[in-house]
Amino acid sequence: MKYLVIFLVIFIFLNSCVKKECQIAGAYEFEIPVELAPARDTFQIGDTITITSDFLDEVYERKTDKTYRLDNLRFYPSTEIVKIDSTESISGINKYFEILLEDSLKYHYQEFSTGVQALVGQYNYSSNRYFLKFSIIAKNSGLFYLEQGVSPDIEEHQDFDGKCSNIAIGGAVVLNDGADNNIHMLSDSPDPHYNDWILQKPEQRFHKFGGYCFYVKE
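Heads up: the sequence shown begins at 40 in the working numbering, then just goes up one per residue.
Below you can see the structure in the form of structure tokens.
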């Protein structure tokens, strides 16, 4: 019994020595601002949509409610667009849209063995700013779901000043300053993944990943 008491005292002491900001659940959630313009619910074939993410390297983290300087962190941004107006949703950013990418970007199109089509790469980082900007032009009509996410946890050993060694680095996209981004249109999809599963937890399954829903019409 005496040893149990000693163990508990040591355990409590060690926990009290851990910094408050290191006692969070899960990974860090750095807020990454992104703008999609024009922010419409319906586009016409031939319309151009531009996605821009431009922010300083002093980045706000949700769980600690603090701002940290992230010096050339690799965020692994990605863009996927899925056609969701049938029960067989199709990943098709290259199939349904023309992609306009500047040569200076570290961002490119990739088709995976699973059939997923996406834009992947990194932000350009210069003069304490992160920058990514590209456009797509609608080629086909339909109901579409776009995700503009970040996955810094892909690279396990990234670091920044003030990072707790026991916490992984994650991110949450804030698209169009936290607008609803036409989430209600997911209900128009016959696919239960979109009309039910995502809507059960909209913040974790839609907004965090830069979700945006829209129609393209002829």
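Every residue gets a Cβ at the ideal spot worked out from N, C-alpha and C, and that includes glycine.
Per DSSP, reduced to three states, the secondary structure at R244 is helical.
Taking the C-beta atoms as reference points, I208 is found nearer than 7 Å to Y67. Listed as beta-bridge partners of T126 by DSSP are no residues whatsoever. Residue pairing for S92: DSSP places it in a beta bridge opposite L171. The residues T106, R108, in chain order, have a CB closer than 7 Å to that of E97 in the same chain once the five nearest residues on each side in sequence are set aside. Per the Cβ contact rule, the stretch 76 to 91 is in contact with the stretch 174 to 188 (3 or more Cβ pairs under 8 Å). Comparing alpha-carbon positions, the option among E150, P72, G201, M224 lying closest to Y251 turns out to be M224. The shortest C-alpha to C-alpha distance from I129 to any of A157, Y146, K247, T103 is the one to A157. Going by DSSP, I132 is part of the alpha helix (DSSP H) stretching over 132 to 135. The stretch 236 to 251 and the stretch 180 to 196 touch, with no fewer than 3 CB-CB distances between them shorter than 8 Å.
By the neighbour-count definition (other C-beta atoms within 10 Å, threshold 16), N220 is a buried residue. Distance between S228 and P116, taken at the CA atoms: about 26 Å. Counting the other Cβ atoms within 10 Å of the Cβ of S204 gives fewer than 16, which makes it exposed. Beta-carbon to beta-carbon, F94 and G210 are separated by about 12 Å, too far to satisfy the 8 Å threshold. Taken atom to atom, the span from the alpha-carbon of I222 to that of N234 is near 10 Å. For H232, no beta strand (DSSP E) run applies, since DSSP gives it neither H nor E.
When secondary structure is reduced to three states using DSSP, I222 falls in the helix class.
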